[in-house]
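Protein chains in written order, with our numbering: chain S, 41 to 425; chain V, 11 to 386.
To start, the structure itself, in structure tokens.
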Amino acid sequence: MTDLDAFRSETRAWLEANCPSDMRKPIRSEADVCWGGRNWTFQSDAQRSWLEAMAGRGWTAPDWPKMYGGGGLTAEETRVLKQELFRIDARPPLTSFGISMLGPALLKFGSEEQKKRFLPEIARGEIRWCQGYSEPGAGSDLAGLQTKAEDKGDHWLVNGQKVWTSYADRADWIFCLVRTSTESKQGGISFLLFAMETPGVSTKPILLISGSSPFCETFFDSVRVPKEQIVGEVNKGWDVAKYLLGHEREMIAGMGLGASGSSVTLGPVVKPTNPFLRSEIAAFDVDALAFAAMSERFAALWKAGEAHPASPSMMKYAGTELNKRRNELAMRAGGSDALEWDSERSRGGATARTWLRSKGNSIEGGTSEIQLSIVAKHILGLPGA
Amino acid sequence: MSLLTDDQKMLQEMVASFLADKGNIAKQLRHWRDIGCKDGFGHGLWKGFAELGFTGICIPESHGGLGLGAKEAALVLEEIGRNLTPSPFLQTAVVAARAIEGTAHADRWYPGILSGEAVLALAVDEGPRHAPEQTAIEAKRQGNGFVLNGSKQFVVQGGSADMIVTVARTAGSPGEREGLTLFTVPKGAAGLTIDNVSQVDSSKAARLTFASVALDGDAVIGEVDQGWEPLSRALNTGRAGVAAELVGVAAGASAMTVDYLKQRKQFGKFIGEFQALQHRAAHLYTEIEIARAAAFRAAELLDSGDERAQLYVSVAKAKAADVASLAVREGVQMHGGIGMTDEHDIGLFMKREAVLGELFGDVYYHRERVAQFGGY
């Protein structure tokens with residue numbers, strides 16, 4: 041038996057003993073997701089004990105070093121753990137921007153003090169982060185951001201506004217891009233961390249067309265941020281931001297379709313009877329199954345270091361456009377049933393709300409048009425892109 | 011799964027350099043077209059395939075082949091597609107080789123395939139659309155053998171073939187899978203008329219007329235009335251192969267087009283600087299990557315005997331045909347006027363795609379199968 045086989049059988053036994061049966065059911069709604077943080081209310085004892093058990097082994101962040109609260113696993117061991125979790129349909133013990141986005145950036149760019157201060161808390165699910173990137177005047181052109189941080193000797197003084205801040209109203213801390221110099225566009229940006237309870241920070245949820253409010257406007261009115269809470273050097277925050285965005289797109293790309301355990305194909309779910317709709321859905325199912333093959337191939341290529349560095353943009357573009365099409369067809373297949381907004385019968389208008397929410401997929405995290413431009417420039421080498 | 015092994019990468023590089031050198035458009039497709047070759051391909055190159063071992067990819071080692079599978083065949087076919095190389099590889103070394111696998115006919119024909127001397131074909135379609143269940147051509151028992159009456163069309167390289175694997179009906183009615191039987195029909199069989207037709211891409215496909223063609227009982231491949239299974243096996247391997255070839259056609263057309271976008275200037279700029287074209291090119295690139303993943307997946311599932319293979323064969327064929335169609339249409343459009351000339355190669359990709367898109371079932375045929383597998 042190799043070491044990896046031994047690790048697999050130990051892991052399997054441990055999961056068998058420690059993953060509560062309620063945590064082996066598909067996630068049905070946002071309420072089933074465990075975000076953690078200072079003000080988190082666990083949905084159930086099972087949710088709490090599952091997080092505590094996994095965090096206790098550092099397996100909420102399995103490949104982070106143990107000294108920072110991670111599991112210290114190798115890439116192969118991490119893969120085995122993921123396979124074993126998948127095998128028993130285990131829910132993620134923790135969904136966290138701290139783990140998926142900020143953590144990797146801190147590991148690469150953070151100071152030793154910052155790593156020790158923030159990473160263990162993130163891995164334990166005791167702090168919830170939000171991402172302060174987009175601004176009203178800086179969407180696709182993110183580097184045009186204007187939120188200002190002035191050097192006041194012992195602190196930064198932050199003034200400005202962010203928008204599309206995911207769950208800012210529920211987050212404990214924010215990682216935030218600010219302008220520390222106007223001399224250079226990308227070279228005048230810095231990466232700050234601060235608590236959302238700092239005086240001068242306020243949030244206002246944005247009501248989406250889907251009826252939910254996962255995003256906020258976030259306002260900074262003379263917010264004092266301690267000098268040491270900058271990640272990397274002053275005016276070098278764009279490097280941190282890009283690294284983090286790459287992780288975000290890789291994550292989105294890696295998820296592919298059916299990430300929520302739903303069927304890849306639509307036809308078997310909606311059973312279309314109209315022949316014209318049926319043919320459109322069959323065409324969609326071909327594309328969905330082909331993309332599922334691509335997702336697996338991409339993940340393998342990426343792990344093997346054989347994927348083009350810009351290929352997450354391709355995956356993000358293809359995956360999100362496909363998901364929008366799926367939801368368009370689900371609406372058409374549902375007929376007037378799909379129009380119901382708040383009935384129990386329609387699970388609170390799930391079809392319509394998911395359809396409307398999906399429109400944001402090809403906007404958030406870089407629009408489809410931005411991704412296509414990245415592919416054109418970096419993969420195809422087209423001039424002036 | 012999914013990634014290529016070192017051996018597969020080596021094979022891919024070997025085929026790519028061999029075909030870029032010996033199988034390119036000028037030396038093969040244009041050459042044979044312009045001299046009006048009756049076969050539409052070169053026997054010299056076919057021998058070259060044999061010398062490098064490619065013709066034995068799908069032939070078991072026990073018969074002197076390489077004993078590889080659909081995945082390796084896909085690697086060869088993608089390069090064939092990229093170079094528009096006219097070749098009997100798909101019909102002979104993949105489809106027919108699969109159809110006769112494990113039968114006495116393998117002993118008879120595998121040596122010729124391995125040496126690059128034999129050319130084999132498959133006769134299925136009887137109308138303008140692929141519909142193997144609808145096979146109507148009648149094979150009536152007579153003494154120890156059978157007598158065939160009826161007609162076939164779109165028999166690719168049927169006019170050049172030494173033997174044509176022919177599916178005929180020994181029982182039941184058109185529309186039924188039961189009652190079909192596969193036969194080996196030799197070149198020059200009495201009563202067989204071959205009309206060798208030039209197609210839009212200058213490849214050849216025969217229309218066959220069977221007028222009381224008498225065959226021995228040992229011409230049967232496998233069991234009488236049980237031809238559906240070996241036919242499906244051969245067709246599915248062929249469909250996965252055509253999907254890979256279509257990916258190659260798409261990739262070849264796309265590469266040529268992206269190059270053109272970097273060379274052609276209008277309004278004082280490279281036309282590749284215009285975002286209207288950049289985004290279309292990037293979309294096409296994405297689609298080709300997805301089609302390749304689907305084609306690889308289909309081949310891998312066939313090779314591992316997975317029950318999802320049939321589904322993914324149809325996914326791959328439908329996706330690759332859609333994407334290759336997009337690639338050649340965008341290719342001609344983005345080339346502008348020069349793309350309409352016979353002198354430029356981009357139009358040749360459009361012609362090839364039209365034929366491959368139809369072969370072994372078009373996108374509608376395969377979407378229908380995907381719907382049926384999905385139970386709707």
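Even for Gly, the Cβ is constructed at its ideal location relative to N, Cα and C.
No experiment lies behind these values; they were computed from the predicted model shown.
How about T194 of chain V and A221 of chain V: are their beta carbons less than 8 Å apart? no
Just curious, the alpha helix (DSSP H) that E61 of chain V is in, first and last residue? 53-61
Beta strand (DSSP E) runs contained entirely in the stretch 94-135 of chain V, provided each spans 3 or more residues: 130-133
Which word fits P96 of chain V, buried or exposed, when buried means at least 16 other C-beta atoms lie within 10 angstroms of its C-beta? buried
At which residues does the beta strand (DSSP E) containing P315 of chain S begin and terminate? Premise fails: P315 of chain S lies in the alpha helix (DSSP H), 315-343, not in any beta strand (DSSP E).
Please report how far the alpha carbon of D181 of chain S lies from the alpha carbon of S351 of chain S, in whole angstroms. 20 Å
If you count every other CB in all the chains shown that lies within 10 Å of the CB of K329 of chain V, and 16 or more means buried, which is it? buried
What residues in the stretch 332-345 of chain S bring their beta carbon closer than 7 Å to a beta carbon of chain V? A333, M334, E336, R337, A340, L341, A344
Less than 8 Å between CB atoms is the rule here; does L412 of chain S satisfy it with respect to chain V? yes
How should F277 of chain V be labelled, buried or exposed, when 16 other C-beta atoms within 10 angstroms of its C-beta is the threshold for buried? exposed
In three-state DSSP terms, what is H376 of chain V? helix
At a cut-off of 7 Å, is V263 of chain S close to the ligand HEM when judged by its beta-carbon and the heavy atoms of the ligand? Absent from the structure shown: the ligand HEM. Ligands present: none.
Check each residue of the stretch 38-63 of chain V: if its Cβ is closer than 8 Å to any Cβ of chain B, include it; give the result in chain order. Among the protein chains in the structure shown, which are S and V, there is no chain B.
Suppose you measure from the CA of R118 of chain V to the CA of D49 of chain V; what does that come to, to the nearest Å? 23 Å
Where M236 of chain S sits in the DSSP three-state scheme: coil
If I follow the unbroken alpha helix (DSSP H) through D85 of chain S, where does it start and stop? 85-96
Taking only beta-carbon atoms, is G307 of chain S less than 8 Å away from chain V? yes
Can you give me the C-alpha to C-alpha distance between V333 of chain V and R264 of chain S, rounded to a whole angstrom? 55 Å
Look at the Cβ atom of R92 of chain V, then the Cβ atom of G341 of chain V, and state whether they are nearer than 8 Å. no
Quickly, what does DSSP pair E148 of chain V with across the bridge? List them, please. V:N159, V:R179
Label V73 of chain S either buried or exposed according to how many other C-beta atoms from any shown protein chain fall within 10 Å of its C-beta, with 16 as the threshold for buried. exposed
Which bits of chain S does R377 of chain V rub up against, with CB to CB less than 7 Å? S319, A322, A323, V326
Quick one: is D325 of chain S buried, meaning 16 or more other Cβ sit within 10 Å of its Cβ, or exposed? buried
Does L271 of chain V have its Cβ less than 8 Å from a Cβ in chain S? yes
My output table needs one value for V309 of chain S: the three-state DSSP class, helix, strand or coil. helix
Could you tell me whether the Cβ of I300 of chain V comes closer than 8 Å to any Cβ of chain S? yes
For I246 of chain S, which of helix, strand or coil comes out of DSSP? strand
For L233 of chain S, collect the residues of the same chain with a Cβ closer than 7 Å to its Cβ; drop the 5 residues on either side in sequence, then sort them by chain order. W213, F215, Q269, V271
Roughly how many whole angstroms lie between the Cα atoms of G169 of chain V and D205 of chain V? 7 Å
Outcome for N363 of chain S when other beta-carbon atoms lying within 10 angstroms are tallied against a minimum of 16: buried
Mind checking S224 of chain S: buried by the 16 CB within 10 Å criterion, or exposed? exposed
Put Q123 of chain S into one of helix, strand or coil per three-state DSSP. helix
Interface residues of the stretch 369-384 of chain S facing chain V [CB-CB below 8 Å]: none
For my contact list, E299 of chain V and M236 of chain S are in at a C-beta cut-off of 8 Å; report their separation, rounded to the angstrom. Their Cβ separation, rounded to whole angstroms, is 41 Å, which puts E299 of chain V and M236 of chain S out of contact at 8 Å.
Going straight from the alpha carbon of G200 of chain S to that of A250 of chain V, what length do you get? 57 Å
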